[in-house]
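Chemist:
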Amino acid sequence: MIADTTQDMASTRKIYIVLSARGLSYARCCMESLARNAAEPLDVTLITDDAQDKEKLAEAIAALDVPSNQSWSVFDKADADVRAASLYADYPAIRAFREGHPCWRKITDPPLFAQPGEEMIILDPDVYFPNRFSFEPTPDTGLLLMWQHPNCLLPEEVVRQAFDAGIVMADHTDIGVAHARFPLDWRELEGLINKLGGASMPRSMHVESIIWAALAMSLGGGYLNPERWHCYRNSVASRLQRKLGQSGVEAIASLDVTYDLTSRWTLGGKYAYRVGQMSLSREQPEFFDNTAALYIVRADYRIGENWEGMVEARMLELPDFDDRRAGALIAIYRYINKHVKAGVGYNLTDFSEDLTDLSFKHEGVFMNVVGSL
Numbered sequence: 004m005i006a007d008t009t010q011d012m013a014s015t016r017k018i019y020i021v022l023s024a025r026g027l028s029y030a031r032c033c034m035e036s037l038a039r040n041a042a043e044p045l046d047v048t049l050i051t052d053d054a055q056d057k058e059k060l061a062e063a064i065a066a067l068d069v070p071s072n073q074s075w076s077v078f079d080k081a082d083a084d085v086r087a088a089s090l091y092a093d094y095p096a097i098r099a100f101r102e103g104h105p106c107w108r109k110i111t112d113p114p115l116f117a118q119p120g121e122e123m124i125i126l127d128p129d130v131y132f133p134n135r136f137s138f139e140p141t142p143d144t145g146l147l148l149m150w151q152h153p154n155c156l157l158p159e160e161v162v163r164q165a166f167d168a169g170i171v172m173a174d175h176t177d178i179g180v181a182h183a184r185f186p187l188d189w190r191e192l193e194g195l196i197n198k199l200g201g202a203s204m205p206r207s208m209h210v211e212s213i214i215w216a217a218l219a220m221s222l223g224g225g226y227l228n229p230e231r232w233h234c235y236r237n238s239v240a241s242r243l244q245r246k247l248g249q250s251g252v253e254a255i256a257s258l259d260v261t262y263d264l265t266s267r268w269t270l271g272g273k274y275a276y277r278v279g280q281m282s283l284s285r286e287q288p289e290f291f292d293n294t295a296a297l298y299i300v301r302a303d304y305r306i307g308e309n310w311e312g313m314v315e316a317r318m319l320e321l322p323d324f325d326d327r328r329a330g331a332l333i334a335i336y337r338y339i340n341k342h343v344k345a346g347v348g349y350n351l352t353d354f355s356e357d358l359t360d361l362s363f364k365h366e367g368v369f370m371n372v373v374g375s376l
């Protein structure tokens, strides 16, 4: 995401970034550009995982050229836990939600360090500020969220749960930037988490977007100026990769093995790993790691002479984005001849085995033709 705003404001802006030290490869771009190009005083709070991460982020802050009108601090989860035990004492679902995907703490943890009436400008660590800018005013009530043409309302099963529960969600939202004021409506958030499934919700980072979109409709709010904030695509990896800067060095290695267990059963597996770097800017390229690992376990069963059924369990890891996705795929094929088979199947995950394509739009029915020597 790129910020391109020009409004000047005199008051100190309260910024919160929830991140892991593992994300410093790209978060440094956010931190350096924020410190360099902000046109107004900033009070920046970084919230991370453990004491080791806190130390690494403190070192990263020390390496910044921080202007005199900015203050930067860092807290770890232990610091936040003490405050959460008090603030969320009456809200068990919120406390449990904090222990889910790390991205969910972008909703729960900035309020732990805010004072009544204070603004909270919550940033993703992949936001980049290429030009001199000022943040938009934070409204007295409600939320401001980023607008984008595709939305981040994923995963589908949680969206369907929201529909079934009668939860109204703002569309065309992105999870990169949010403006709000302390306090949020804790009873509303507690009820929303419970309606969406509570502890049974899948540990997906995009659940955060569903929560923000629902809170925006219940608490009121609007969109940040889409002419000043630009978001690319609807996933962390793809919105950094597509149209935005340079892809850098990229290489993919894979290993695919099969074993004929019987005349009808064949077991197989695949491991693939992508090593790459990306930059957020063409003019000032600052490269960060963008790795991915794919694991597949597969079983094929021959049905008669010409048919074959297949089931896969697969998992995708994006360590630089603290994201992991898993699921299954099923298909049935008919042999056209000895070397070619055609089939149809259903992908229960939102990713494919092509590590060059991380659009996360692959769930559903597919057709495929496979050839072999």
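Per the working numbering, residue 4 is the first one in the sequence shown, and the count goes up by one each step.
No residue lacks a Cβ here, since even glycine has one placed at the ideal position from N, Cα and C.
From R242 to L147, what distance separates their C-alpha atoms?
Modeler: With a pLDDT of only 45 at R242, under the threshold of 50, the placement of this residue in the model should not be trusted; the figure read from the coordinates follows. One C-alpha to the other measures close to 20 Å.
Chemist: Identify the residues that DSSP records as bridge partners of V368: which are they?
Modeler: Its beta-bridge partners are Y349.
Chemist: For the alpha helix (DSSP H) containing A96, list its first residue and its last residue.
Modeler: Segment 95 to 100, the alpha helix (DSSP H) holding A96.
Chemist: Use the C-beta contact count for Q249: other C-beta atoms within 10 angstroms, 16 or more gives buried, fewer gives exposed.
Modeler: Confidence in Q249 is poor, its pLDDT being 42 and thus under 50, which makes the residue's placement unreliable; the coordinate value appears in the next sentence. Classification of Q249: exposed, given that the 10 Å Cβ count is below 16.
Chemist: Specify the secondary structure class of Q118 as computed by DSSP and reduced to three states.
Modeler: Of the three classes helix, strand and coil, the one that applies to Q118 here is coil, per DSSP.
Chemist: So what does R277 bridge to, in DSSP terms?
Modeler: Paired residues: I255, A295.
Chemist: As a quick exercise: from G312, E35, P140, pick the residue whose alpha carbon is nearest that of G224.
Modeler: Cα-wise, what sits closest to G224 is P140.
Chemist: Tell me, please, which residues DSSP counts as bridged to M318.
Modeler: M318 pairs with Y298, A329.
Chemist: Where does the unbroken beta strand (DSSP E) through L358 begin, and where does it stop?
Modeler: No beta strand (DSSP E) holds L358; DSSP gives it neither H nor E.
Chemist: Beta-carbon within less than 6 Å of V372's beta-carbon, same chain only, minus the 5 sequence neighbours each way: which residues are those?
Modeler: Contacts found: A345.
Chemist: If you compare alpha carbons, which of Y274, R301, G26, G307 is closest to V130?
Modeler: Ranking Y274, R301, G26, G307 by Cα distance to V130 puts G26 first.
Chemist: Hey, would you say D303 sits closer than 8 Å to M313, going by beta carbons?
Modeler: Cβ distance < 8 Å, so D303 and M313 count as in contact.
Chemist: So, helix, strand or coil for T111, using DSSP?
Modeler: Helix at T111.
Chemist: Cβ of D79 within 8 Å of Cβ of K57?
Modeler: Yes, the Cβ-Cβ distance between D79 and K57 is below 8 Å.
Chemist: Within its chain, find whatever has a CB closer than 7 Å to the CB of R267; leave out the 5 residues flanking it on each side and keep chain order.
Modeler: Here the set comprises Y304, R305.
Chemist: Going along the chain, which residues of its own chain have a beta-carbon closer than 6 Å to the beta-carbon of I178, five neighbours each way excluded?
Modeler: Contacts found: C155, E211, S212.
Chemist: Is it buried or exposed for F354, if we count other Cβ within 10 angstroms and need 16 for buried?
Modeler: With 16 or more other Cβ atoms within 10 Å, it is buried.
Chemist: Measuring only the C-alpha atoms, how far is G103 from R206?
Modeler: Their backbone Cα atoms lie some 6 Å apart in a straight line.
Chemist: Could you check whether the segment 108 to 124 touches the segment 42 to 61, counting it as contact only if at least three pairs of C-beta atoms, one from each stretch, sit closer than 8 Å?
Modeler: Short answer: they touch.
Chemist: Between V171 and A181, what straight-line distance do the alpha-carbon atoms span, to the nearest angstrom?
Modeler: Rounded to the nearest angstrom, the two C-alpha atoms are 18 Å apart.
Chemist: Between R317, E320, A334, which lies nearest to W310 when the distance is taken from Cα to Cα?
Modeler: Closest option to W310, Cα to Cα, is A334.
Chemist: For E311, list the residues DSSP reports as bridge partners.
Modeler: Paired residues: R305, Y336.
Chemist: Name the residue from Q118, I125, Y338, R163 whose alpha carbon lies nearest to the alpha carbon of W215.
Modeler: It is I125.
Chemist: Would you tell me roughly how many angstroms separate the C-alpha atoms of A42 and E366, rounded to the nearest one?
Modeler: So the alpha carbons of these two residues sit roughly 43 Å apart.
Chemist: Alpha carbon to alpha carbon, how far is L258 from S23? Give it in angstroms, no decimals.
Modeler: Going from the Cα of S23 to the Cα of L258 covers about 30 Å.
Chemist: Within 10 Å of its beta-carbon, does K17 have 16 or more other beta-carbons around it, so buried, or fewer, so exposed?
Modeler: Classification for K17: buried.
Chemist: Expressed to the nearest angstrom, what Euclidean distance is found between the alpha-carbon atoms of G200 and F363?
Modeler: Cα to Cα, G200 sits roughly 23 Å from F363.
Chemist: So what does W268 bridge to, in DSSP terms?
Modeler: Paired residues: Y304.
Chemist: Measuring only the C-alpha atoms, how far is T359 from E308?
Modeler: Those two C-alpha atoms are separated by around 35 Å.
Chemist: Return the first residue and the last residue of the alpha helix (DSSP H) that A87 is part of.
Modeler: Its alpha helix (DSSP H) spans residues 80 to 90.
Chemist: Where do the N-terminal and C-terminal ends of the alpha helix (DSSP H) with K59 fall, by residue?
Modeler: K59 -> alpha helix (DSSP H) spans 54 to 65.
Chemist: Is the CB-CB distance between W1 and P229 below 8 Å?
Modeler: This structure leaves residue 1 out entirely; the chain is present only between 4 and 376.
Chemist: Across which residues does DSSP place Y29 in a beta bridge pair?
Modeler: In DSSP, Y29 forms no bridge with anything.
Chemist: According to DSSP, is A24 part of a helix, a strand, or is it coil?
Modeler: Here A24 sits in helix by DSSP.
Chemist: If distances are taken between C-alpha atoms only, which option among D93, N197, S137, L45 comes closest to N72?
Modeler: Ranking D93, N197, S137, L45 by Cα distance to N72 puts L45 first.
Chemist: In chain order, which continuous runs of the beta strand (DSSP E) of length 3 or greater are located wholly inside the segment 146 to 201?
Modeler: With a minimum length of 3 residues, the continuous beta strand (DSSP E) runs that stay inside the segment 146 to 201 are 146 to 150, 176 to 184.
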